[in-house]
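Residue numbers (the numbering used here): 6 to 301.
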């Protein structure tokens with residue numbers, strides 16, 4: 006579990022807007038009352054790196070083939086965290102899949118993972134995650150150039166991007182829309198690895214630039230989730246893709262029941278992403294990979 010030496014900001018309990026780095030769009034008044042973007046990013050990325058390193062030690066919950074064509078074995082894990090000072094446990098679900106590091110059918114190169122998951126991650130999820138219906142970008146932090154690394158769990162941190170979104174999901178025609186305010190941090194942790202960290206924030210509908218009432222509608226339900234994605238090149242010419250997530254209970258279901266449902270959903274996302282990459286590769290050709298570097 007992530008270290009408690011700093012405030013635990015990688016969590017399912019939503020972060021109050023007041024503890025986020027200063028930004029006028031969040032209706033903050035005084036920058037001195039907020040953490041710097043650099044220290045906030047360092048803390049969150051270090052906590053995410055620690056958690057991601059522990060996933061292989063979690064309880065194994067099965068192995069599934071995530072592709073309709075081809076074969077990618079996806080290992081599923083589960084774990085319960087009892088946050089200090091909180092009454093309710095977090096029920097985490099994780100998956101680890103390994104892919105041939107090549108831009109070929111039923112696979113994806115590291116460059117394609119980086120382009121599709123790290124770069125504009127929210128925009129791209131809208132294209133390959135069917136329940137995601139729309140989003141509103143509330144905040145984009147500037148001034149994060151340079152290496153943010155310290156002596157924590159991440160030896161190198163660069164190309165950091167921090168944004169706050171309002172994401173809207175429609176899980177089924179008969180269900181109301183879900184509004185999920187999140188802060189997303191992405192960063193390279195080496196030339197062949199990166200992290201994407203999603204943490205929930207409290208209700209943003211009170212902000213002037215909020216679009217939750219418009220996008221979610223009068224019956225929209227506010228809910229929360231947190232997630233850590235780690236992608237890295239490993240030996241034998243493969244890319245390892247790890248995702249760990251915890252979801253708030255909604256519509257009468259507990260957090261534990263939601264976690265059970267998420268086991269199948271996170272496995273499906275592997276095939277969805279690989280299929281989406283194949284479509285981008287076919288449709289955009291050389292323009293798809295751009296300047297991203299294939300490693301391994």
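The beta carbon of each residue, even a glycine, is placed where N, CA and C say it ideally should be.
Using a 10 Å radius around the Cβ and a threshold of 16 neighbouring Cβ atoms, would you call residue i buried or exposed?
i, result
"residue 276", "buried"
"residue 121", "buried"
"residue 224", "exposed"
"residue 285", "buried"
"residue 26", "buried"
"residue 21", "exposed"
"residue 109", "exposed"
"residue 128", "exposed"
"residue 61", "exposed"
"residue 106", "buried"
"residue 35", "exposed"
"residue 46", "buried"
Can you list, in chain order, the residues of its chain whose CB lies under 6 Å from that of residue i, leaving out five sequence neighbours each side?
i, result
"residue 233", "53, 56, 57, 202, 249"
"residue 235", "57, 200, 247"
"residue 176", "136"
"residue 24", "none"
"residue 293", "285, 286"
"residue 220", "139, 173"
"residue 131", "137"
Which residue marks the beginning of the alpha helix (DSSP H) containing residue i, and which one marks its end?
i, result
"residue 277", "260–289"
"residue 218", "217–221"
"residue 161", "No alpha helix (DSSP H) holds residue 161; DSSP gives it neither H nor E."
"residue 127", "126–133"
Give a single yes or no on whether residue i has its beta carbon closer than 7 Å to a heavy atom of the ligand NAD.
i, result
"residue 77", "You won't find the ligand NAD in this model; it holds no ligand whatsoever."
Residues in the same chain with beta-carbon distance under 8 Å from residue i, minus the five sequence neighbours each way, listed in chain order, please.
i, result
"residue 70", "76, 77, 78, 79"
In chain order, what residues of the same chain have a beta carbon less than 7 Å from the beta carbon of residue i, not counting five sequence neighbours either side?
i, result
"residue 96", "85, 251, 260, 261, 264"
"residue 104", "77, 112, 113, 243, 244, 246"
"residue 268", "66, 81, 98"
Looking at C-alpha atoms only, which residue of the options is the closest neighbour of residue i?
i, options, result
"residue 82", "94, 144, 68, 25", "68"
"residue 50", "22, 142, 16", "16"
"residue 255", "278, 292, 174", "174"
"residue 189", "208, 142, 283, 88", "142"
Quick one: does residue i have its CB under 8 Å from some CB of chain D?
i, result
"residue 248", "No chain D is present in this structure, which holds just one protein chain."
So, under 8 Å CB-CB, residue i and residue j are touching, yes? Tell me the CB distance rounded to an integer number of Å.
i, j, result
"residue 126", "residue 191", "6 Å"
"residue 185", "residue 228", "6 Å"
"residue 206", "residue 165", "Between residue 165 and residue 206 the Cβ distance is about 18 Å, and since that is not below 8 Å, they are no contact."
"residue 138", "residue 182", "7 Å"
"residue 146", "residue 28", "7 Å"
"residue 209", "residue 171", "6 Å"
"residue 211", "residue 31", "The pair is not a contact, with the Cβ atoms about 10 Å apart (cut-off 8 Å)."
Taking the beta strand (DSSP E) that residue i belongs to, which residues open and close that run?
i, result
"residue 103", "95–105"
"residue 84", "78–86"
"residue 138", "137–145"
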